[in-house]
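Under mature numbering (1 follows the signal peptide of the UniProt record, and there is no 0), the residues of the sequence shown are numbered -19 to -1, 1 to 250, in order.
Idealized CB from N, CA, C, for every residue including glycine.
Notes follow once the structure below has been shown.
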Amino acid sequence: MRKLAAIATILFWSTCAYAQDRSITVASTTSTEQSGLFGYLLPLFTKEKGIAVKVVAVGTGQALDIGRRGDADVVFVHDRVAEDKFMSEGQGVKRFDVMYNDFVIVGPKSDPAHIAGDKDVADALRKIAAAKAPFISRGDKSGTHAAELRLWKEAGVDIATAKGSWYREIGQGMGPALNMASSSNAYLLSDRGTWLSFKNRGELAILTEGDKRLFNQYGVMLVNPDKHPDVKAKDGQAFIDWLISPKGQDAIAGYKVGGEQLFFPNASH
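Rendered as structure tokens:
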């Protein structure tokens, strides 16, 4: 009897420990973390569902590669072309829209390229290239970096041949890129969410915004457990379901900095 009781006790405590240790890994873009969004959202999710979330905040390209290796349960990113490729490879179960914001071009208030107020992002980039005005590129295969390269192409600028000392690729996230631009009075493409949360602005200001080509959609996908058996599919899907639920969408809409909303929910079911 004592032996049975001891076994029962071990099983009980093991079950409790397991329940307390429910966690998932989310590979995500740096903007969701550096904007402060995850710091606001994740405690709400964990409190409601009892599932802790470990975030690996990297560029979108790296986040998708982490998913491809099966080292994350969920990927939460913002490059639709790369996301569709991930899905076509069978690496994800289903993709959901979650929210959007937009990109902006920030630069020094002195504005040597004279782009302030220009609503045409392609025109603004052509002016920056023509002036050889300092420009910071993330250069990290992130969603923002991919968007920047697409915009240069739409502007008719072959950045691979046009770049010189004025164009600097740093291979880092949005926060470090903004710090670099601030310290060197350079232009750069930023997601609005991280910009609004950024404190070290120096002489930087938003100079170009509002072009529909600056739209920035975020999507979320469960990593395919058929390809990666270690994926915590049930808890990962619970996180996705919460994000796209009315409660999760309201939480996203409720996150503000200085009274300004950073992300706009638009989940599709």
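According to the DSSP secondary-structure assignment, F245 is paired through a beta bridge with Y81. Here A167 carries a coil assignment [DSSP, helix/strand/coil]. Restricted to the segment 192 to 241, the beta strand (DSSP E) segments that are unbroken, complete and at least 3 residues in length are 196 to 204, listed in chain order. Contact check between the segment 213 to 228 and the segment 115 to 124: fewer than three CB pairs, one atom from each, fall below 8 Å, which does not count as touching.
A distance below 6 Å between beta-carbons, with the five flanking residues on each side excluded, links V238 to the following residues of its chain, in chain order: L177 and S178. Around the C-beta of T142, fewer than 16 other C-beta atoms lie within 10 Å, and the residue is accordingly described as exposed. Taking 8 Å as the upper bound for CB-CB distance, D172 and M155 are in contact here, some 6 Å apart.
Taken through DSSP and simplified to helix, strand or coil, I151 comes out as coil.
When the beta-carbon positions are compared, E14 and V39 stay at least 7 Å from each other.
Just so you know, the alpha carbons of R182 and D101 end up roughly 23 Å apart.
Closest option to V74, judged by alpha-carbon separation, among I233, V201 and S249: V201. In terms of Cα proximity to D99, the closest of I86, P115 and I32 is I86. Counting along the chain, F116 sits inside the beta strand (DSSP E) bounded by residues F116 to S118. Where K113 is concerned, there is no enclosing beta strand (DSSP E), because DSSP gives it neither an H nor an E.
Inter-residue distance for F19 and G229 is about 12 Å (C-alpha atoms, whole angstroms). Membership of K35 in the beta strand (DSSP E) is indicated by the continuous run A33 to V39. Put simply, the backbone Cα of I5 is about 37 Å away from that of D192.
Boundaries of the beta strand (DSSP E) harbouring A186: L185 to T189, taken from the DSSP string. If you draw a straight line from the Cα of S165 to the Cα of S226, it is about 42 Å long. Taking each of E241, P89 and A232 in turn and checking the Cα distance to V79, the smallest one comes out for A232. In this chain, V55 is not harboured by any alpha helix (DSSP H); it is covered by the beta strand (DSSP E) spanning V55 to V58. Here A136 is buried: its Cβ has 16 or more other Cβ atoms, across all protein chains shown, within 10 Å. About 5 Å separates the beta carbons of P89 and E184, which is inside the 8 Å limit, making them a contact pair. Distance from the CA atom of S146 to the CA atom of A110, rounded to whole angstroms, is 11 Å. Looking from the CA of L45, the closest CA among F84, L23 and S69 belongs to S69. As a beta-bridge residue in DSSP terms, G88 pairs with A186. Looking from the CA of E190, the closest CA among F77, D104 and D65 belongs to D104. Here D104 carries a helix assignment [DSSP, helix/strand/coil].
The Cβ atoms of T10 and G124 lie closer than 7 Å to each other.
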